[in-house]
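Undergrad: Quick note on the working numbering: the sequence shown kicks off at 4 and runs consecutively. Think of the CB as a built atom: it goes at the ideal place given N, C-alpha and C, for glycine as much as any other residue. What follows is a structure written as structure tokens; I'll ask about it next.
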Amino acid sequence: MIAVLGGDGSILRALRLTQGRIRPLLGVNMGHMGFLAECAPEAVEEAVKRLAAGEYRLEERMLLRVECGGAEPVTALNDVAVSRGVCQSVLQAEVRVDGQEAAQYAGDGLVIASPTGSTAYSLSAGGPVVTPNMDCIVISPVCPHTFSARPMVVSGESAVEARLQPRSGEGTVMVCIDGAAGVMMDQAAVRVSRARERLPFVRFEEDRFFASLRGKLSLWGGMGNT
């Protein structure tokens, strides 16, 4: 088991450090939002007692397999985000789902997210909230330059491929996986599919996703207390 003291970013970094050796994860929220954490710092002693007594359950979250530019596949919990980098031209994205052309986007970028990542960058880009127990992939354009561009939700069994490049054909494209330092490329072909493994989170209480969602997003003034 892995215990992470920090925010959601610390949990994402912990996943990267495991290098594919998946272990149950307990998050202790010492950050701002703490969507992924299970307990507050003052509850750690009680959490350790419950762990020792076996009074917990494991909530498995879908992971993404990300292939980019011929490099080794990377596992992501939240998302892969593609942006214009230092280039000021519009980014064009041709999105294919299982080999079929699904959409043409032009704008600032594109986010391909897991259900867990639907409440992260994808949500800020106008994507839908998806409950973490679903098996799907969310595709959200960032600041699209047309009213017809809309987010999409596809089956978790699908493979999503995005071919991206600046409209001018010059400049660079930045690819970031789970918010990590981006890879700059002249153009990018990103393939995202469901990973074989799933990440188990330690949970002490019953599912309280919507209560957590309302509480966390009210910090942004987005949902209030209604």
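Less than 7 Å between C-beta atoms, sequence neighbours within five positions excluded: which residues of the same chain meet that for glutamine 107?
TA: Glu97
Undergrad: Determine contact between the segment 138-158 and the segment 112-126, defined as no fewer than three beta-carbon pairs at a distance below 8 Å.
TA: yes
Undergrad: Roughly how many whole angstroms lie between the Cα atoms of valine 83 and alanine 183?
TA: 10 Å
Undergrad: Shortest alpha-carbon distance to cysteine 139 belongs to which of Ser121, Val176 and Thr21?
TA: Ser121
Undergrad: Grab me the residues of serine 86's own chain with a C-beta within less than 6 Å of its C-beta, minus the 5 sequence neighbours each way, in chain order.
TA: Gly112 and Met177
Undergrad: Would a C-beta distance cut-off of 7 Å place glutamate 49 and valine 205 closer than the cut-off?
TA: no
Undergrad: In whole angstroms, what is the alpha-carbon distance linking alanine 239 and isoleucine 180?
TA: Look at the range of the chain in this structure, 4 to 229, and you will see that residue 239 is not part of it.
Undergrad: Are histidine 148 and alanine 109 close, meaning C-beta to C-beta below 7 Å?
TA: Closer than 7 Å, so yes.
Undergrad: Out of Arg153, Leu94 and Gly73, which one is the CA nearest neighbour of alanine 128?
TA: Arg153
Undergrad: Give the C-beta separation of serine 161 and aspartate 101 to the nearest angstrom, bearing in mind that I take them to be a contact with Cβ-Cβ under 8 Å.
TA: 5 Å
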